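Asker: Residue numbers (my numbering): 849 to 1157.
Cβ coordinates follow ideal geometry from the N, Cα and C atoms, glycine included.
In this text, all values refer to a predicted model and were calculated from it rather than measured experimentally.
Attaching a single structure in structure tokens format; questions to follow.
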């Protein structure tokens, strides 16, 4: 791939830490990948792709100059770290971000990198709900000898917020034992497969989810493989029959008003010509614009006093 030279931070994230409302950060980690490696390069390529985006947002009429965003850079994490060490570093950093009233936006990396941040955000927002976009159920308790594998993501999120406070959209791959565990724990009832989306439509799915969640704070975790590989081929474990880019955008729009944390993970730049990183960067920008749009129409992000769950 050939690019012009651009700064190494997320486009327009030029506000100092003290003044920022949002903090972008990367966790370049893919030690537990089970199919195609390379998602550790995701943060760098998502940042680079963001420089292709225009500052003006057509649907809302808003401009990037309205946002105060700081890009911290990548955490001091590498594949030399154990998954447990990586998760602890992510937890400590996100805890600092939310303790200062800022919204953390994580670029990954594989899908274990949000485990620490989700826990930190859940501690700050006791009524937090997690919306997960994913091709895979990710509900194994342990995989390949670790509880912090990318195949355990939803299991750890449920531990952070509870089975009734998650929704997963786009699933089309799971193991039989994994399904049984999710059904036993009451998680499967909140799993909306890509086949459900195809049959019912994304609006009906989202109406159902937010009738349950109401106006509570939301953490949105986007595993880019939830999107069909026709739109997002650059990922570690692609699965056909997925969500469209438009359907995923609708998820982002519905989550945005109450968004208090977000990540986009599993971008594997080696396997495409940049379109997956571009899509990931757009999802981040869309979340920002639609949150501000809601605020300008009188909506207030449901910030609550930080305390232990």
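Quick one: measure Cβ to Cβ for residue 957 and residue 1018, integer angstroms, because I've assumed they're closer than 8 Å.
Answerer: Their Cβ separation, rounded to whole angstroms, is 19 Å, which puts residue 957 and residue 1018 out of contact at 8 Å.
Asker: Can you tell me whether residue 1102 is helix, strand or coil according to DSSP?
Answerer: Three-state DSSP puts residue 1102 in a helix.
Asker: To which residues of the same chain is residue 1003 closer than 6 Å at the C-beta, ignoring the five residues directly before and after it?
Answerer: 987, 989
Asker: Would you list the residues sitting across from residue 956 in a DSSP beta bridge?
Answerer: 875
Asker: Could you tell me the distance, in whole angstroms, from the CA atom of residue 1117 to the CA atom of residue 1024?
Answerer: 31 Å
Asker: Between the Cα of residue 810 and the Cα atoms of 1071, 1096, 907, 862, which residue gives the shortest distance?
Answerer: Because the chain here runs from 849 to 1157, residue 810 falls outside it and cannot be looked at.
Asker: In whole angstroms, give me the CA-to-CA distance for residue 1147 and residue 901.
Answerer: Distance from the CA atom of residue 1147 to the CA atom of residue 901, rounded to whole angstroms, is 26 Å.
Asker: Pair every Cβ in the segment 1077 to 1086 with every Cβ in the segment 1033 to 1052, then say whether three or more of these pairs are closer than 8 Å.
Answerer: no
Asker: Along the chain, where does the beta strand (DSSP E) that runs through residue 1069 open and close?
Answerer: 1066 to 1071
Asker: Buried or exposed, going by whether 16 or more other CB atoms sit within 10 Å of the CB of residue 1129?
Answerer: buried
Asker: Using the three-state DSSP reduction, which class does residue 1036 fall into: helix, strand or coil?
Answerer: Residue state for residue 1036 is assigned as helix, using DSSP reduced to three classes.
Asker: Residue 935 and residue 978: beta carbons closer than 8 Å?
Answerer: no
Asker: How many angstroms separate the CA atom of residue 941 from the CA atom of residue 876?
Answerer: 14 Å
Asker: Since residue 917 and residue 863 are thought to touch, with beta carbons under 8 Å apart, how far apart are those beta carbons, to the nearest angstrom?
Answerer: 6 Å
Asker: For the beta strand (DSSP E) containing residue 1110, name the first residue and the last one.
Answerer: Run containing residue 1110: 1107 to 1113, per the beta strand (DSSP E) assignment.
Asker: Using a 10 Å radius around the Cβ and a threshold of 16 neighbouring Cβ atoms, would you call residue 1120 buried or exposed?
Answerer: buried
Asker: Taking the CB atoms as reference points, tell me whether residue 888 and residue 858 lie closer together than 8 Å.
Answerer: no
Asker: Could you tell me which of 1139, 1125, 1131, 1050 sits nearest to residue 893, measuring between CA atoms?
Answerer: 1125
Asker: Give me the residue from 1026, 1127, 1048 with the minimum Cα distance to residue 1081.
Answerer: 1127
Asker: Roughly how many angstroms separate the alpha carbons of residue 969 and residue 1030, rounded to a whole number?
Answerer: 23 Å
Asker: Apart from the five residues just before and just after residue 998, which ones in its own chain have a Cβ nearer than 6 Å to its Cβ?
Answerer: Excluding sequence neighbours, residue 998 sits near 880, 958, 959, 960.
Asker: Measuring only the C-alpha atoms, how far is residue 1060 from residue 1012?
Answerer: 9 Å
Asker: Taking the CB atoms as reference points, tell me whether residue 1069 and residue 980 lie closer together than 8 Å.
Answerer: yes
Asker: Measuring straight from C-alpha to C-alpha, what distance separates residue 1156 and residue 976?
Answerer: Residue confidence for residue 1156 is low, a pLDDT of 42 falling below 50, so the modelled location carries little weight; the figure read from the coordinates is stated next. Cα to Cα, residue 1156 sits roughly 12 Å from residue 976.
Asker: Is it the case that the Cβ atoms of residue 962 and residue 954 are separated by a distance below 8 Å?
Answerer: yes
Asker: Would the beta-carbon of residue 951 fall within 8 Å of that of residue 1066?
Answerer: no
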